[in-house]
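Reviewing the structure listed below.
Residue numbers (our numbering): 189 to 343.
Following this line, the structure appears as structure tokens:
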């Protein structure tokens, strides 16, 4: 009996779905921050993690990084790097939300622009989910799919 789906093709489909979901999440998070940069700067300062100069740098760089990662994940461009940065962003978001919850800060999360809800345990779970999905997709890409997408100099 012939197998209909191989492990490689199932992993590829799963990784593709995760990439599309993550890409949409990052685009949905980036666009409001780019449209309203001062509101996002205020959100960054409310976390009380960085000073004014670093906060300004974070507020300028983070939305564009999210946009670039989202575009790469949706467009299947530089997938490995995009997944690696996605995992890094997920870790940063998880640490920032954890810190704010630990400190008892009553602030908006700033995840999807100024109209974002207050941080709570669901916000933390969402950040952990982004981190988890990014790491899983990166591992699948590294272990199962990378060999098909990397061109050898001899090809």
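Ideal Cβ placement from N, Cα and C applies to all residues, glycine included.
Note that this is a predicted model, so its numbers are computed, not measured.
Note down, in chain order, each residue of its chain lying with its Cβ closer than 8 angstroms to the Cβ of residue i, except the 5 sequence neighbours on either side.
i, result
"residue 293", "234, 235, 236 and 307"
"residue 324", "206"
Apart from the five residues just before and just after residue i, which ones in its own chain have a Cβ nearer than 7 angstroms to its Cβ?
i, result
"residue 286", "312"
"residue 243", "229, 232 and 233"
"residue 288", "235, 295 and 307"
"residue 316", "282"
Can you give me the Cβ contacts of residue i inside the same chain, cut-off strictly under 6 angstroms, excluding the 5 residues immediately before and after it?
i, result
"residue 225", "none"
"residue 215", "258"
Look up residue i in the DSSP assignment and give the residues it is bridged to.
i, result
"residue 298", "Beta-bridge pairing links residue 298 to no other residue."
"residue 306", "296"
Would you say residue i and residue j are within 8 angstroms of each other, going by their C-beta atoms?
i, j, result
"residue 210", "residue 318", "yes"
"residue 208", "residue 271", "no"
"residue 202", "residue 295", "no"
"residue 239", "residue 300", "no"
"residue 322", "residue 274", "yes"
"residue 332", "residue 248", "no"
"residue 277", "residue 254", "yes"
Report the residue from the options whose alpha carbon sits nearest the alpha carbon of residue i.
i, options, result
"residue 279", "255, 295 and 314", "314"
"residue 257", "238, 323 and 213", "213"
"residue 221", "206, 252, 245 and 276", "252"
"residue 227", "310, 250, 298 and 276", "298"
"residue 246", "261, 264, 281 and 290", "281"
"residue 330", "263, 250, 261 and 269", "269"
Quick check on residue i: does DSSP put it in helix, strand or coil?
i, result
"residue 341", "Residue placement at residue 341 is poorly supported in this model, since its pLDDT is 41, which falls under 50; the coordinates are not used for a value here."
Under 7 angstroms: does the beta carbon of residue i sit that close to some heavy atom of the ligand FMN?
i, result
"residue 317", "Questions concerning the ligand FMN fall outside what the structure shown contains, since it holds no ligand whatsoever."
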